[in-house]
Amino acid sequence: MATSSTPRRGTVRNGAGAPGSPTTAGTGAPGSPTAAGTGAPEAGAPGSGESTLARKRRARRINRALAEQYPYAHAELDFRNPFELLVATVLSAQTTDVTVNLITPLLFARYPDARAMAEADTAELEAIIKPTGFFRAKTKNLLALGNRLVDEFDGVVPGRLEDLVTLPGVGRKTANVVLGNAFGIPGITVDTHFGRLARRFGWTESDDPVRIESDVAELFEPRDWTMLSHRVVFHGRRVCHSRKPACGACAVANWCPSFGLGETDPAKAAKLLKYELAPGNEALLGRLLAETHRAAEIRMESQRRVP
Ligand code: SF4
652 MATSSTPRRG TVRNGAGAPG SPTTAGTGAP GSPTAAGTGA PEAGAPGSGE STLARKRRAR
712 RINRALAEQY PYAHAELDFR NPFELLVATV LSAQTTDVTV NLITPLLFAR YPDARAMAEA
772 DTAELEAIIK PTGFFRAKTK NLLALGNRLV DEFDGVVPGR LEDLVTLPGV GRKTANVVLG
832 NAFGIPGITV DTHFGRLARR FGWTESDDPV RIESDVAELF EPRDWTMLSH RVVFHGRRVC
892 HSRKPACGAC AVANWCPSFG LGETDPAKAA KLLKYELAPG NEALLGRLLA ETHRAAEIRM
952 ESQRRVP
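Each residue of the sequence shown is one higher than the one before, starting from 652 at the first, in the numbering used here.
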């Protein structure tokens, strides 16, 4: 996979010169000290001079390249129905999906639905979710969540954003994860990776998740929102890291105005790649592909159950 990640140099990117060219580097390109120091709009960002149509085309090209790179992108939390995904997403705050997946089999065996969760013993629930961190606050949220679902929604997770965000511990990010993956309703999930990459791609200038969501929504058809969210997060975790983006081994370098923010030498950049793209880790790919099929089956099964 690392080979296919190599930037296709020579392609004209966004009319701003080739990646790493003097033009790009010398004009306050995003991530350069000039751009960072002046607060100038990122190349391609709203207000940068790139037309909306050009930005839209570039954004969709990036999405296609990410789809080629990550055909196995999927929600990494395990779930079998909207309730499980809602609870798992609440638990995923400040921890990894892997940690959440370790404790949810026991959690859902003990509390399979909202009614059981509402009646959970506080100490017992705390003990089960402790590995996910902030377990006291999360326990309070889960108890309140279960009670609210029982009291207001007859124990059923609602399939509307405006209802979901009224639930304890549920913000727009969680609501969009649940809508997109458990209900099949398009949603853009803005987490820390998505926000960072959306800014680097020049899709937004904002740090505000709601604004990021609406800026990005303008660029894509709703049917693309959910998978786009997964792909961008996958790319953020594997390639476009917060501190050391692997620009020289990035599949979307040709369309990214922030190329050059990180390591551009292909060999050095390849060493920064993570998970299945990391040299020597190719075996992980088989597991991811298997998980993708399972995630798709779960998603379809979950959506079939939605009234
Ligand atoms: S790794 Fe570099 S080129 Fe790739 S998306 Fe991130 S900033 Fe852009």
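For glycine and all other residues, C-beta sits at the position ideal for the given N, C-alpha and C.
Because the structure is a prediction, the values reported are computed rather than measured.
Bounding residues of the alpha helix (DSSP H) (the contiguous stretch that carries residue i)
i    : result
S857 : Where S857 is concerned, there is no enclosing alpha helix (DSSP H), given that its DSSP letter is neither H nor E.
G887 : 873-889
I779 : 773-780
G797 : 786-804
A826 : 823-829
E813 : 812-815
Residue i, DSSP secondary structure in three states
i    : result
A767 : helix
E693 : In this prediction, E693 scores a pLDDT of 46, lower than 50, which makes its location untrustworthy; no coordinate-derived value is stated.
R898 : Just to set this straight, residue 898 is Cys in the shown sequence, not Arg. If DSSP states are grouped into helix, strand and coil, C898 belongs with the helices.
S702 : coil
Q745 : coil
D916 : coil
F845 : helix
I836 : coil
E952 : helix
P819 : coil
H944 : helix
L924 : coil
N932 : coil
R731 : coil
A904 : helix
G911 : coil
E869 : coil
A716 : helix
G756 : The identity of residue 756 in the sequence shown is Pro, whereas the question assumes Gly. Helix.
V751 : helix
V738 : helix
A710 : helix
A687 : Its pLDDT being 32, under 50, A687 is placed unreliably in this model, and the coordinates cannot settle the point.
Taking 6 angstroms as the limit, name every residue whose beta carbon sits nearer than that to some heavy atom of the ligand SF4, in sequence order. Per the Cβ criterion, the list is R851, V890, C891, P896, A897, C898, C901, V903, A904, C907, S909, F910, L912, G913.
Three or more C-beta pairs under 8 angstroms: does that hold for the segment 932-949 against the segment 715-732? The answer is yes - the segment 715-732 touches the segment 932-949, with three or more Cβ pairs under 8 angstroms.
Assess contact between the segment 900-916 and the segment 873-881, defined as three or more Cβ pairs (one per stretch) separated by less than 8 angstroms. Is contact present? Flag = no, the segment 900-916 and the segment 873-881 do not touch.
Touching or not, the segment 784-803 and the segment 732-743, by the rule of three or more beta carbon pairs under 8 angstroms? The way I'd put it, the segment 784-803 does touch the segment 732-743; three or more beta-carbon pairs between them come closer than 8 angstroms.
Report yes or no: do the segment 847-861 and the segment 883-900 share at least 3 C-beta pairs separated by less than 8 angstroms? The segment 847-861 vs the segment 883-900: in contact.
Meets three-Cβ-pair contact criterion under 8 angstroms: the segment 851-869 and the segment 901-913: Because the criterion of three Cβ pairs below 8 angstroms is met, the segment 851-869 and the segment 901-913 touch.
How about the segment 833-845 and the segment 861-874: do they share at least three Cβ pairs that are nearer than 8 angstroms? The segment 833-845 vs the segment 861-874: in contact.
Three CB pairs or more closer than 8 angstroms across the segment 701-708 and the segment 744-751: The segment 701-708 vs the segment 744-751: no contact.
For the 8 angstroms Cβ check, are there 3 or more pairs between the segment 774-786 and the segment 811-820? With the cut-off at 8 angstroms, the segment 774-786 and the segment 811-820 do not touch.
For the pair the segment 783-793 and the segment 822-830, tell me if three or more CB-CB distances fall below 8 angstroms. Touching, no, given that fewer than three Cβ pairs across the two stretches are closer than 8 angstroms.
Count the CB pairs spanning the segment 746-766 and the segment 895-905 that are closer than 8 angstroms, and state whether there are at least three. They do not touch, by the three-pair rule.
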